[in-house]
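J.: Heads up: the sequence shown begins at 1 in our numbering, then just goes up one per residue.
C-beta atoms are modelled at their ideal positions from N, C-alpha and C, and glycine is treated no differently.
Supplied in structure tokens, the structure appears directly below.
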Amino acid sequence: MYNQITLLGHIARDIEIRNAQSGTVIANTAIATTHKWKGQDGQPKEEVMFIDLTFFGRSGEIANQYLHKGSKVLILGRLKLDQWTDQNGNKRSKHNVIVQDMKMLDGKPQQGQQHPAKQPQATQQQAPQVPEADINEDEIPF
Numbered sequence: 001m002y003n004q005i006t007l008l009g010h011i012a013r014d015i016e017i018r019n020a021q022s023g024t025v026i027a028n029t030a031i032a033t034t035h036k037w038k039g040q041d042g043q044p045k046e047e048v049m050f051i052d053l054t055f056f057g058r059s060g061e062i063a064n065q066y067l068h069k070g071s072k073v074l075i076l077g078r079l080k081l082d083q084w085t086d087q088n089g090n091k092r093s094k095h096n097v098i099v100q101d102m103k104m105l106d107g108k109p110q111q112g113q114q115h116p117a118k119q120p121q122a123t124q125q126q127a128p129q130v131p132e133a134d135i136n137e138d139e140i141p142f
């Protein structure tokens with residue numbers, strides 16, 4: 001059996017990061033992909049799909065530091081079906097892609113710059129910030 005998925009699109013929301021009990025970094029976000037075609041009437045049609053992504057370990061740290069909403073990215077991963085029972089006792093499920101490899105297509109920021117979404121912004125009540133990982137430039141996959 002073979003379970004491989006390739007997605008090209010833009011990050012749909014900023015990375016949410018947490019640590020598993022084992023200490024492994026888990027990063028979650030979604031990718032927006034677009035399918036375009038011409039309808040029977042000859043008019044262009046477009047379908048946008050949002051697909052949840054999960055990164056583990058070092059790739060989660062890199063995603064947290066370098067990806068932001070709108071980043072263009074190529075994802076290779078495997079499709080996983082998550083199933084659970086909600087608070088009302090209803091069975092729920094959704095597909096999720098476990099990221100195995102990625103290629104950032106926006107290029108890396110200039111030295112000393114961060115992506116706009118990663119720059120601190122003043123708000124009335126700030127949520128706790130997850131510290132960014134200290135990543136050696138030689139480890140960046142682009």
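(1) How far does the beta strand (DSSP E) with GLY77 in it reach, from first residue to last?
(2) So, using beta-carbon positions, are ILE64 and ILE15 closer together than 8 Å?
(3) With a CB to CB cut of under 6 Å and the five nearest residues on each side skipped, what residues in its chain are close to VAL130?
(4) Counting beta carbon pairs with one atom in the segment 1 to 14 and one in the segment 37 to 45, are three or more of them shorter than 8 Å?
(5) Less than 7 Å between C-beta atoms, sequence neighbours within five positions excluded: which residues of the same chain meet that for ILE5?
(6) Sorted by chain position, which residues of the same chain lie with C-beta nearer than 6 Å to LEU7's C-beta, five sequence neighbours on each side aside?
(7) Could you compute how far the alpha carbon of HIS68 sits from the alpha carbon of THR24?
(8) With a 10 Å radius around its C-beta and 16 neighbouring C-beta atoms as the bar for buried, classify MET166 as buried or exposed.
(9) Buried or exposed: which applies to VAL99, given that a residue is buried once 16 or more other Cβ atoms fall within 10 Å of its Cβ?
(10) Taking only three categories from DSSP, how would you classify GLN4?
(11) Compute the Euclidean distance between the alpha carbons of THR85 and SER93, then round it to the nearest angstrom.
T.: Let me lay it out:
(1) 72 to 85
(2) First, the amino acid is wrong: residue 64 is Asn here, not Ile. A contact, by the Cβ cut-off of 8 Å.
(3) Any reading at VAL130 needs caution, since the residue's pLDDT is 44, under 50, leaving its predicted position unreliable; the model's value is listed next. ILE17.
(4) no
(5) The residues are GLY77, ARG78, LEU79, VAL97.
(6) ILE31, THR33, ILE75
(7) 21 Å
(8) What is shown of the chain runs 1 to 142, which leaves residue 166 out entirely.
(9) buried
(10) coil
(11) 9 Å
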